[in-house]
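Asks: One structure coming up, written as structure tokens, with questions to follow.
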Amino acid sequence: MDANKLYDVIIVGAGPAALSAAIYTTREDIDTLLFERGVPGGLAAVTDWVDNYPGFPDGLSGLDLADGLRKQAERFGAVIELGEVTAIKDMGDHKVLETTSGDVKTRSVLLATGSDYKKIGVPGEQEYYARGVHYCATCDGAFYRDKRIVVVGGGNSAVQEAMFLTRFASHIDLLVRSDHFRASDVLQKDLQKHADKITVHFNTTTDEIVAEDGKTVSKVVGTDKTTGQKVEFETNGVFVFVGLEPNTQLLKETPVRLDEIGFILTDEHLQTSMPGVFAAGDVRSGATMQIASATGEGATAALKLREYLEGQNHPVQN
Amino acid sequence: MAKNITIFTTNTCAYCVQVKKWLTTKGLTYEEVNLDQHPERQAEALEISGAYTVPVTVVTKQDDSKEVIVGFNLAKLAPAVVA
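Order-wise, the sequence lines are chains D and H.
Each residue of the first sequence is one higher than the last, beginning at 1 in the working numbering.
Each residue of the second sequence is one higher than the last, beginning at 1001 in the working numbering.
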């Protein structure tokens, strides 16, 4: 990162939307810097297997997809700075981003900060984080060889990651609050192949994660909504996949408008309510939370950023 | 500068890749303990970190004191390897 330089665009995040946008901008010699606080590839990188990304008939690992996107963007000159953007200030004809690496100037911004897995907010969840409560199966699953696991959730991630965890666990209880899955039909069919290891409990809430010795998770207490009775599941660990929440903390002091859930509102050009600041991918209101959609939005955002930059008549001096 | 660096990893952990890549860009060498290949060392990783997760990076400093960094946490990792 060069603090004395005025970048054409700074992309906040380095997930699929961000890296796709960077491929487009850098190929057109638009001076681009990306900021990533975690791992390039975002949630895609920690997803076990991606079966629905076009062009890969046999599917591929999330890690390989993320690595390919990163390498492709870097081939055209994209630079990924490891650090966090903490604030965006509008200086009229340019923006100043406050980051953990210092302040940096840019003519435009693409917010592609993605989302993180939601917490369920029950007793025990925070206390036993990483000591029995997890949000990343590919990172932490190996610690549960021949042990019992509870997976919470009924969407694509919960079903996909529960199947991944069968390679380690002796048994998995999958707790679904609703009376049906939100996961795709294809994943539900795949899940049936694991019936020997995964037991699905519909209409079951997760109310508390308990460590009877105060150290090691030993059970999950829930409620069977059909009877109102308390139910208990003996377990060594709990993996939570109950949806996503947007990463928009850095926008607190900005005029960027969010929807009622906290996702970023944009116009049809993917521009936010702050001129020169665009958004793409999972963090955008209306996003479909698919990797293929995110990469498409990243490409669209890059083209809209180019139009914006071409329309800027008063660039500041470096 | 660190005297020795050991990283506990698994095959599927994206954050492990990121830690290794970052250390390599800094010109630092490390010993990797892959828990998929060496599940018998899982208890060791757990005892060191107190957490059922990877990556766990153990930085041994010049005075032989050790610093343990759980996850990909540059705010802790960067000062630990230069101290």
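Backbone N, C-alpha and C define an ideal beta-carbon position, used for all residues, glycine too.
If you're wondering where the values come from, they're calculated on a predicted model, not measured in any experiment.
#1: List the residues of chain H that residue 132(D) touches, going by C-beta distances under 9 angstroms, in chain order.
#2: Go through its chain and collect everything with a Cβ distance to residue 232(D)'s Cβ below 6 angstroms, but skip five positions before and after it.
#3: With which residues is residue 232(D) paired in a DSSP beta bridge?
#4: Runs of 4 residues minimum, wholly inside the segment 68 to 142 of chain D: which ones carry the alpha helix (DSSP H) assignment?
#5: Which two residues bound the contiguous beta strand (DSSP E) that contains residue 35(D)?
#6: When the Cα atoms are used, what is the spatial distance from residue 161(D) to residue 145(D)?
#7: Residue 237(D) touches chain H at which residues, Cβ-Cβ below 9 angstroms?
#8: Roughly how many angstroms lie between the CA atoms of residue 12(D) and residue 33(D), to the nearest whole one?
#9: Residues of chain H with CB under 7 angstroms from residue 213(D), in chain order?
#10: When DSSP labels each residue in this structure, what does residue 316(D) get in the three-state scheme?
#11: Give me the subset of the segment 1031 to 1058 of chain H whose CB atoms are less than 9 angstroms from a CB atom of chain D, sorted by chain position.
#12: Taking the alpha helix (DSSP H) that residue 46(D) belongs to, which residues open and close that run?
#13: Report the residue from 203(D), 166(D) and 155(D) whose alpha carbon sits nearest the alpha carbon of residue 184(D).
#14: Quick one: which chain D residues come within Cβ less than 7 angstroms of residue 1080(H)?
#15: Please classify residue 279(D): does DSSP put it in a helix, a strand, or coil?
#16: Which residues, in order along the segment 1059 to 1077 of chain H, keep a beta-carbon less than 8 angstroms from a beta-carbon of chain D?
#17: Label residue 35(D) either buried or exposed according to how many other C-beta atoms from any shown protein chain fall within 10 Å of its C-beta, with 16 as the threshold for buried.
#18: Return helix, strand or coil for residue 407(D), following the three-state DSSP convention.
#19: What three-state label does DSSP hand residue 1028(H) in the structure shown?
#20: Alpha carbon to alpha carbon, what distance is there between residue 93(D) and residue 315(D)?
#21: Quick test of your reading: residue 238(D) and residue 132(D), contact by CB under 8 angstroms. State the CB separation rounded to the nearest angstrom.
#22: Among the residues of its own chain, which have a CB less than 8 angstroms from the CB of residue 199(D), if the five just before and after it don't count?
#23: What number of angstroms, rounded off, separates the C-alpha of residue 318(D) from the C-alpha of residue 63(D)?
#24: Run through DSSP, which three-state label would residue 1008(H) get?
Replies: Reading from the atomic positions:
#1: Ordered by position in chain H, the residues that pass the 9 angstroms Cβ test against residue 132(D) are 1052.
#2: In chain order, 219 and 221 place their CB closer than 6 angstroms to the CB of residue 232(D), counting only its own chain and leaving out the 5 sequence neighbours on each side.
#3: As a beta-bridge residue in DSSP terms, residue 232(D) pairs with 221(D).
#4: Taken in chain order, the whole alpha helix (DSSP H) runs of length 4 or more contained in the segment 68 to 142 of chain D are 137 to 140.
#5: Per DSSP, residue 35(D) belongs to the beta strand (DSSP E) from 32 to 36.
#6: Distance between the alpha carbons of residue 161(D) and residue 145(D) is about 15 angstroms.
#7: Below the 9 angstroms Cβ cutoff, chain H contributes 1052 as neighbours of residue 237(D), in chain order.
#8: Between residue 12(D) and residue 33(D), the C-alpha separation is close to 9 angstroms.
#9: Per Cβ cutoff of 7 angstroms: no residues; residue 213(D) is ~15 angstroms from chain H at best.
#10: For residue 316(D), the predicted model reports a pLDDT of 45, less than 50, meaning its position is unreliable and no value from the coordinates is stated.
#11: Against chain D - using a Cβ distance shorter than 9 angstroms - the residues of the segment 1031 to 1058 of chain H are 1035, 1036, 1039, 1042, 1045, 1046, 1049, 1050, 1051, 1052, 1053, 1054 and 1055.
#12: For residue 46(D), there is no enclosing alpha helix (DSSP H), as DSSP gives it neither H nor E.
#13: Nearest option by C-alpha distance: 155(D).
#14: In chain order: nothing, as chain D lies at least about 15 angstroms away.
#15: Assigned with DSSP and collapsed to three states, residue 279(D) falls in strand.
#16: Going along the segment 1059 to 1077 of chain H in chain order, one finds 1070, 1072, 1074 and 1075 with a Cβ nearer than 8 angstroms to chain D.
#17: Under this definition residue 35(D) is a buried residue.
#18: The displayed coordinates of chain D run from 1 to 318. Any statement about residue 407(D) would go beyond what the structure contains.
#19: Per DSSP, reduced to three states, the secondary structure at residue 1028(H) is coil, with no helix or strand assignment.
#20: Caution is warranted here: a pLDDT of 48 is assigned to residue 315(D), below 50, making its placement in the model unreliable, and no coordinate value can be reported.
#21: With a beta-carbon spacing of about 6 angstroms, residue 238(D) and residue 132(D) fall inside the 8 angstroms limit used to define contacts.
#22: In its chain, beyond the 5 residues on either side, 171, 172, 173 and 174 have a beta carbon closer than 8 angstroms to the beta carbon of residue 199(D).
#23: Unreliable positioning characterises residue 318(D) in this predicted model, as indicated by a pLDDT of 45, which lies under 50. The coordinate reading is nonetheless provided below. Taking the CA atoms as reference points, residue 318(D) sits about 38 angstroms from residue 63(D).
#24: Strand, per DSSP.
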